[in-house]
Structure formats: structure tokens, C-alpha cells
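A short worksheet on the structure shown next.
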Amino acid sequence: MHSLLVQLLCSISSKSPDQYLEMDESDLAHKLYKLLKRNRYLIFLDDVWEIKAWNLVKSSLPDDANGSRILFTNRIQLQFNPNSKAHNLRQLTNEESWKLLQKKVFGKEGFPPALGKVGSQIAKLCRGLPLTVVLVAGILANTAEDCWEEVAESLTSSIVLDDEYCRKTLELSYSHLSDDLKPCLLYFGAYKEDENVPIRRLLWLWISEGFVRKTEEKSLEDAANDYLKDLVDRSLVMVSEQRSMGGAKACRVHDLVHEFCVKKAKEENFLHVLHGRNDRFILTGPSNPLRVCDQNGRNFMIWELMLEFPNVRSLLLFKEDDLGFWLPKLLRVLDLGELEFGAYFPMEVFLLAHLRYLALRLNLIDSIPTAIANLSRLQTFLLRGNNADCLLPKTIWNIKTLRHLWTTDSSVGFIFPVENLEVSPGLLHLDALSLAIDPSSQSLQKILTKLPNIRRLRCKMTESSEEPTRIGDGILVFDCLSQLESLTLRYFGRYGFKFPLNLKKLTLSHNEQPWSEISTIGMLPKLEVLKLLDDSVVGEEWEMKEGEFPSLRILKLRGLWDFRSWTASSDNFPRLEKLVVRDCEHLEEVPSCLGECPTLEMIEVRECRESVASSVKQIQQEQIDMGNEVLEILIEDCVDPCSPSEEEEEEESSPSETESISSQGV
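If you want it as C-alpha cells, here you go:
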């Protein structure tokens, strides 16, 4: 209920979910009611399974008899209101199924005429069910064309219910997966239905579980990403959020696919999901699952379950539990995500000699015990919730298998020990790192030489560090990292930087760089994403030089308080696809020359002056004049400083000042 109310509030206001997380349900419901009162609204709730969900939210929706409407979708007919009418969606016709199948298998390439007969037959066997068509297309896309007859034979036309027929198709899709992909798909059963799964964490789990096959050509991370792409191409997994550099940031599976994963995983003793306190009693007889996941928490008997099943390899606790504290000695994966340990580090984990993945929530800890070196096979150490930088022991250099040292909070990082760095072994497999450093100690360069293959680095200055007195007095050198692709720098004040030429993504926050330094960054030949956030740049005028940012696709400017004037030319940003300008309250306008950029797809402006919004609308018109009708603009909360504040307007009844415009509607 809390999550649903937060989603509804975010969909009608400009606020982020973080601003609502601390509010209880009654406050959220009152806030929602207040925003909607005296406004006409349309609310769309997708895939509602129970009337209970509607009963929980309906008191938050005012009925002012002004034509407001609420639309539900569900796979079983539910009567929410005696006066409501259900609209039953018809099934696809054979022709529509055939067109959808062609589109999903071959895209714009066109369907080979030789496959017309068998393809049409397969489409007919999908019985007008869109999900079945999509799943079958995923099979065909990875099946030799001379084997399509076998797929047609597998799709029997027996009389079964629609959902059951989809399940039969899922079984067929699963049987066509390689042995490497099957466990990757079943792993989605560990997550809740409709949950958006963070892909970085998912891939790290796959690697630690041993699902990903190592090759000489690709890293384990790239190979795992290929596995995910294969599942997406087969329409078994859906991308729910994209990364700025391309690729997926979060994903999910259809509820029927999720149901299949949970059931199949249990049948094969691959995974058992706990839903309540008494679930342990279900695990009787021959069942001996290799993995146990508790999604709902407060399962006070889980430690007894661990005693009964000592061969468990993976334990995923996504909510609070009473662990006991006894852990099976054969564990490879241990995610204690929501257990609060405070300043106590659970020393019991150091007895797990086979552990490859460890995720902990430590709120008040400032150092990691030296015994972490006992985990000689550890690949991923994920730290959640800590409110301070965390000092690693000298023994960390002995864990040669480490691939990911990461914190979920970007404002904290790991501090490497600097004693005897010259004789310490390097972490040659480290791919991703959240690092905290004191630049004045001159240790950064020495540490980075021990991490030659790192590709993703998030780096911040420790709170005890001292800044240079003048901009550029101190230079931090990162160009020794030839494999580095993504770099985030926070709180480095007046330090200057040297970046590797292969860098693709750069995020600066609280770094106080002059605009001349941004021009230097603009000469990086492969830079695709640049984010300048929260006083990362000082100075009123950004005057761009010829030829800057030849490969940049995404530019985000946020919280640049001094920024007033922006001058660019037509040869800047030749590949720009998306521009985001937010909370730059003194900026006067966006350069009109962006209207000449042929690749531009989206401009997003929030919390800026009205003149900025006007300049963006003019750019859109120029794009339309050039024949580019793809460009969309989003303008939100753009008012001059003397205009009423959002809070004042909210009190008067308007939830937000939002304008969303696409060129098709102009």
C-alpha cells in the first residue's frame, strides 16, 4: 500500500520517491487526496489482482463529480463497483497474430516468403494470445529456419484455458534455453512478482552462483550481460529501465513467467521462496533446496530451517529476519540485505570458506575486520546503509578473486590501506569499486596502479581531507586506468583531473571546476555521457570551443547555481540524443544551435526560468522545420523567481506545474 501511494504521488507531482519514503500511509493518503481535490483526473492501475488493493486506495481519491475516471486492468474479472462496467479485451485475429509474430522475429527486415506457410500456421496455434505470440517469437528467433516445423508440432491445439496455454508455451520456451540460461531465468523466482530487479546486482549474483561461463574474449560481467540480453531477445525478460550509456539498468518478468520460475525452481530443488512464518513446514520429505529466499521477512524460524538443510548454497534475505545466528558452511551467496547490524560486524560470515557474494547492512561501522581475508573466494562485497566511509584492512589485498567492492550509497566509499602498498599484491580482477580517498596523502596513484583492470569507479574525497587553496593546485591522475569506462567524482573541491582517453561516462558532483576544465573534458574522444551536478562547475559563462564532445549522447546539468550564459556552435554535440537541465535557476536560455542537431530526441527542463523553457520550445520548432518530428520536450516547474512557489500553488489546489509536449502533437 505504501509503495502504491508513493507511485501515485510521484506520477502527479514533480517530487522524487525519496521525499515520500519517511511518510506513513495515512499521511501519504491525505497528501494524495489533497493534491487531487477539485481536480479532474484519470488514474490507471495496471494488473490489479485483488479488490483489497482497490479498497485500500479508494479513500484517497476524492469524488467531486467532475468527470474523473479510474481504469483497472486485470486478468480475472473483478467487480469493484456495482455501477462499473468491465471491458473484455478480445483476442488477436489470426492475421494480427501473424503480423505480430513477423515483427517480433524479424523486425523491419521482412519475413522470408519461404516461411510464410509454417509461420502463419504457428501464429494460428498461438490462439490469439499476445503473450504466447511473443514467447513463441522468442523461440523462433533462436531456432534454425528449417526447424520451424518442429516448433509448430510442439504447439498443440488442445483445449485448455488461456493462462494454461501460456504456461505450456513457457515450458516450451524453457526447454529451448541452453543449460547456461536456464538457471539465470529461474533466479527471477527469488524476487517478488512485478519487482524491478537492479541488473548490476543480478549479474553479480549470477557470476557468484557460477552460472556464467568464462571465456577468453569477454569478462564475466560482459558474458553475464550477454546472457541477460539473450533472455530479453527471447521475450522472457523485459527491460524496465535503461542506463544512460545504453543497456539495461533494471528488468522484470511477466507475472506468468514469474509464476513459472517459482514453480519450476521448486520442482528442481533449485530455489525455495519463503512467504511466511510457517513456510519451513512445507520443506519436508525429499526436498533439499540449494537456495532459500525470504521475500517478506520476519520469518523467525529461518535459523531452524538452516539446521535442517545444511547443504543450502545461497541464502537471500530481502527483508528483516531473525537469523539465529547459524549459517550453512557451504554457502556461496549470502545476502543479508535488510538485517540491521549497526556497529556490529557478524563475525560468523568469516567461517564461510566458499563464500563468493556477501551483502550486508552496517549502519555505524568504520572499518572491516582483518578476518575478511578468510573469504579467499569472495568476488562481491556489497555494503548497504553505512553512514560513513569504511576502512579496509591490509589483508584485503590478499583476496585475489575480488571483482566488486561496492556501496549502495554514493556518498560513502571504501578506504584502502596505504601502508606497504609497494609490496602489496594487486587486485587484478576488480571491475567495480566505490572508493574514498585522501588526495593530499598522494596515495591515489599508488592505489590505482594496483587496480589496472577496473572499469567502473566511483570516487569521493574523505571528510578529513584538505582541499587545495586554489583551483588546479592539486591534480588527480586517472589516465593510468586504460580500461576505465565509467567514473564518478564527488566532493573533490578545487582539485584538477587527468582522465583516460577511453572514458565513456563521467559524473562530477561538488567539484568546483572552472568551465575551461569542461572544455578539456570535451576533447575526450569516446565520452558518451556527461553529468555535471551540484556545484560541480563554478563560473557564470560556458563558452564552448569548436569540436568539443564529438561522441556525447547524453548531457545532464543540475544544481549549477552560478551558471547564467551558455554559448555553443553548430559543430558541438554532433551526436547528442538527450539533454537534461534541472535546477539551474540563473540560466537564461539553451543555445539555439541545438536545433540543428539531427540526432536529438529529448530535452528535459525542470525548475528553471521561463526563458529556458521558451528557448527549448523554439529548438523543437526548428527540429520540426528540419523534418525531425521525433524530438520530445518535457518542461516542469519552470517559473521566474518572482512567480508563486510550487508549495503555494499546491495549497491553492494545483498539484504541479507540468507541461509535456511531443512534436507529433504540435
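Anchor point for the sequence shown: position 614 equals 614 in full-length UniProt numbering, and the numbering is continuous, going up by one each time.
We put the beta carbon where it would ideally sit given N, CA and C, even for glycine.
Exercise for the section: Please list, in chain order, all residues of the same chain as Pro500 whose beta carbon is under 7 Å from its beta carbon, the five residues on each side excluded. Expected result: The sequence position of residue 500 within the sequence shown is 500, counting from 1. The answer, listed in chain order, is Phe478, Asp479, Leu481, Ser482, Leu484.
Handout entry: Chain-order list of residues whose beta-carbon lies under 7 Å from that of Gln121 (same chain, five-residue window excluded)
Key = Taking the first residue of the sequence shown as position 1, residue 121 is located at position 121. Excluding its 5 nearest sequence neighbours in each direction, Gln121 has C-beta neighbours in its own chain below 7 Å: Ala152, listed in chain order.
Handout entry: Alpha carbon of Pro514 to alpha carbon of Arg582, nearest angstrom
Key = Your numbering for residue 514 matches position 514 in the sequence shown. Your numbering for residue 582 matches position 582 in the sequence shown. When rounded, the separation of the alpha-carbon atoms in Pro514 and Arg582 is 19 Å.
Handout entry: Where Ser565 sits in the DSSP three-state scheme
Key = Locating residue 565 in the sequence shown gives position 565, where the first residue counts as 1. It is a strand residue.
Problem - Residue closest to Leu444, alpha-carbon to alpha-carbon, out of Thr407, Glu193, Phe497, Val6 - result: Position 444 of the sequence shown, counted from the first residue, corresponds to residue 444. Looking only at Thr407, Glu193, Phe497, Val6, the smallest Cα-Cα distance to Leu444 is reached by Phe497.
Exercise for the section: Ignore the nearest five residues each way along the sequence and tell me which others in Pro198's own chain have a CB closer than 8 Å to its CB. Expected result: Working through the sequence shown from its first residue, we reach residue 198 at position 198. Same-chain partners within the cutoff: Lys249, Ala250.
Exercise for the section: For Leu530, name the three-state secondary structure that DSSP assigns. Expected result: Position 530 of the sequence shown, counting from 1, holds the residue named residue 530. The three-state secondary structure of Leu530, taken from DSSP, is strand.
Handout entry: Distance CB(Arg564)-CB(Leu587) smaller than 8 Å
Key = For the purposes of this step, residue 564 is taken as residue 564 along the sequence shown, with counting starting at 1. For the purposes of this step, residue 587 is taken as residue 587 along the sequence shown, with counting starting at 1. Against a cut-off of 8 Å, the Cβ pair of Leu587 and Arg564 comes out as a contact.
Exercise for the section: Look up Pro425 in the DSSP assignment and give the residues it is bridged to. Expected result: Taking the first residue of the sequence shown as position 1, residue 425 is located at position 425. Paired residue(s): none; Pro425 is not in a bridge.
Exercise for the section: Return the bridge partner residues of residue 681 from the DSSP annotation. Expected result: There is simply no residue 681 to check, as the chain begins at 1 and stops at 666 in what is shown.
Exercise for the section: Round the Cβ separation of Ile399 and Leu378 to the nearest angstrom and send it over; I've been treating them as touching at under 8 Å. Expected result: Within the sequence shown, the letter at position 399 stands for residue 399. Within the sequence shown, the letter at position 378 stands for residue 378. With 8 Å as the limit, Ile399 and Leu378 qualify as a contact, their Cβ atoms being about 5 Å apart.
Practice task
Check the C-beta distance from Arg213 over to Ala223 and give it rounded, since I have them as a contact under 8 Å.
Solution key: As a working mapping, residue 213 is identified with position 213 in the sequence shown. As a working mapping, residue 223 is identified with position 223 in the sequence shown. With a Cβ gap of about 7 Å, Arg213 and Ala223 count as contacting.
Problem - Cβ neighbours of Leu555 in the same chain (closer than 6 Å, five flanking residues each side left out) - result: Start at 1 with the first residue of the sequence shown, and residue 555 comes out as number 555. Its chain contains Leu530, Leu579 as the residues whose beta carbon lies nearer than 6 Å to that of Leu555, once the 5 sequence neighbours on both sides are disregarded; these appear in chain order.
Practice task
On a CA-only basis, which of Gly342, Lys182, Tyr227, Leu336 is nearest Ala265? Give me that one, please.
Solution key: Here residue 265 is taken as the residue at index 265 of the sequence shown, counted from 1. Ranking Gly342, Lys182, Tyr227, Leu336 by CA distance to the CA of Ala265 puts Lys182 first.
Handout entry: Outcome for Asn420 when other beta-carbon atoms lying within 10 angstroms are tallied against a minimum of 16
Key = Residue mapping note: residue 420 aligns to position 420 of the sequence shown, counting from 1. Note on Asn420: under 16 other CB atoms within 10 angstroms of its CB, so exposed under the neighbour-count rule.
Exercise for the section: Under 7 Å Cβ to Cβ from Ser158, same chain only, skipping five residues before and after it: list those, please. Expected result: Along the sequence shown, one-based indexing puts residue 158 at 158. Model confidence at Ser158 stands at a pLDDT of 46, short of 50, so the residue's coordinates are unreliable; what they give is reported in the following sentence. Cβ contact annotation for Ser158 (same chain, cutoff 7 Å, sequence separation greater than five): none.
Problem - Beta-carbon proximity list for Asn628, same chain, < 7 Å, skipping 5 on both sides - result: Taking the sequence shown and counting its residues from 1, one reaches residue 628 at position 628. In chain order, Pro598 place their CB closer than 7 Å to the CB of Asn628, counting only its own chain and leaving out the 5 sequence neighbours on each side.
Practice task
Tell me whether Thr449 is buried or exposed, calling it buried when 16 or more other Cβ atoms sit within 10 Å of its Cβ.
Solution key: Residue mapping note: residue 449 aligns to position 449 of the sequence shown, counting from 1. By the neighbour-count criterion, in which a residue is buried when 16 or more other Cβ atoms sit within 10 angstroms of its Cβ, Thr449 is exposed.
Exercise for the section: Within 10 angstroms of the Cβ of Glu648, are there 16 or more other Cβ atoms? Answer buried if so, exposed if not. Expected result: Sequence index remark: in the sequence shown, residue 648 carries index 648 (1-based). With a pLDDT of 46 at Glu648, under the threshold of 50, the predicted position of this residue should be treated as unreliable, and no value is reported.
Problem - Pick from Val639, Glu517, Asp637, Leu600 that is closest to Met626, judged by C-alpha positions - result: Residue 626 sits at position 626 when you count from the first residue of the sequence shown. Closest option to Met626, Cα to Cα, is Leu600.
Practice task
Check whether the Cβ of Ser592 lies closer than 7 Å to any heavy atom of the ligand NAD, and answer yes or no.
Solution key: In the structure on display, the ligand NAD does not appear, and there are no ligands present to speak of.
Exercise for the section: Count the C-beta pairs between the region 256 to 263 and the region 185 to 193 that are closer than 8 Å, then say yes if the count reaches three, no if not. Expected result: Enough Cβ pairs lie closer than 8 Å, so yes.
Practice task
Give me the Cα-Cα distance between Phe270 and Ser208, rounded to the nearest whole angstrom.
Solution key: Locating residue 270 in the sequence shown gives position 270, where the first residue counts as 1. Locating residue 208 in the sequence shown gives position 208, where the first residue counts as 1. Taking the Cα positions, Phe270 is about 15 Å away from Ser208.
Handout entry: Spatially closest choice to Leu382 from Asp389, Arg361, Glu308, by CA coordinates
Key = Position 382 of the sequence shown, counted from the start, is the residue given in the question as residue 382. With distances taken between Cα atoms, Leu382 lies closest to Arg361.
Exercise for the section: Name the residue from Ile415, Ile521, Cys390 whose alpha carbon lies nearest to the alpha carbon of Lys545. Expected result: Counting from one through the sequence shown, the residue named residue 545 turns up at place 545. Checked all of Ile415, Ile521, Cys390; the closest Cα to Lys545 is Ile521.
Practice task
Can you say whether Cys390 is buried or exposed, counting buried as having 16 or more other CB atoms within 10 angstroms of its CB?
Solution key: Here the question's residue 390 lines up with position 390 in the sequence shown. By the neighbour-count rule (16 or more Cβ atoms within 10 Å), Cys390 is buried.
Exercise for the section: Taking only runs that begin and end inside the region 324 to 393, name each unbroken alpha helix (DSSP H) of 4 or more residues, in chain order. Expected result: For the region 324 to 393, not a single whole alpha helix (DSSP H) run of length 4 or above is found.
Practice task
Determine, using beta carbons only, whether Ser568 and Cys584 come nearer to each other than 8 Å.
Solution key: What you label residue 568 is simply residue 568 of the sequence shown in a count that begins at 1. What you label residue 584 is simply residue 584 of the sequence shown in a count that begins at 1. The question names Ser, but residue 568 in the sequence shown is Ala. Going by C-beta atoms, Ala568 is not nearer than 8 Å to Cys584.
Practice task
Just tell me which of Arg553, Lys168, Ser219, Gly547 has its CA closest to the CA of Ser570.
Solution key: Taking the first residue of the sequence shown as position 1, residue 570 is located at position 570. Closest by alpha carbon: Gly547.
Handout entry: Straight-line Cα distance separating Leu487 from Asp409
Key = Reading the sequence shown from its first residue, position 409 is the one you call residue 409. Reading the sequence shown from its first residue, position 487 is the one you call residue 487. Cα to Cα, the separation comes out at about 15 Å.
Problem - Closest Cα partner of Asn39 within the set Asp63, Thr507, Arg356, Glu109 - result: In the sequence shown, the residue the question calls residue 39 occupies position 39. Asn39 has its Cα closest to that of Asp63, out of Asp63, Thr507, Arg356, Glu109.
Handout entry: Close-in-space but distant-in-sequence residues of the same chain around Ala141 (CB under 8 Å, 5 per side omitted)
Key = Counting from 1 along the sequence shown, the entry for residue 141 is found at position 141. Annotation for Ala141: Lys104, Val105, Asp233, Arg234 place their beta carbon closer than 8 Å to its own, counting only its chain and skipping 5 residues before and after.
Exercise for the section: Determine the DSSP secondary structure at Glu164, reduced to helix, strand or coil. Expected result: As a first step, residue 164 must be located in the sequence shown, where it is residue number 164. Helix, per DSSP.
Handout entry: Burial state of Arg356, where buried means 16 or more other Cβ atoms lie within 10 Å
Key = In the sequence shown, residue 356 corresponds to position 356, counting from 1. The residue in question, Arg356, is buried, as its Cβ has 16 or more Cβ neighbours within 10 Å.
Practice task
Report the three-state DSSP secondary structure of Ser570 (helix, strand or coil).
Solution key: Looking up residue 570 in the sequence shown gives position 570. DSSP, read as helix, strand or coil, puts Ser570 in coil.
Handout entry: Completely contained alpha helix (DSSP H) runs for the UniProt domain "Disease resistance protein winged helix" (193 to 260), where each covers 4 or more residues
Key = Secondary structure in the UniProt domain "Disease resistance protein winged helix" (193 to 260): the alpha helix (DSSP H) runs of 4 residues or longer, each lying completely within the stretch, are 199 to 209, 220 to 233 in chain order.
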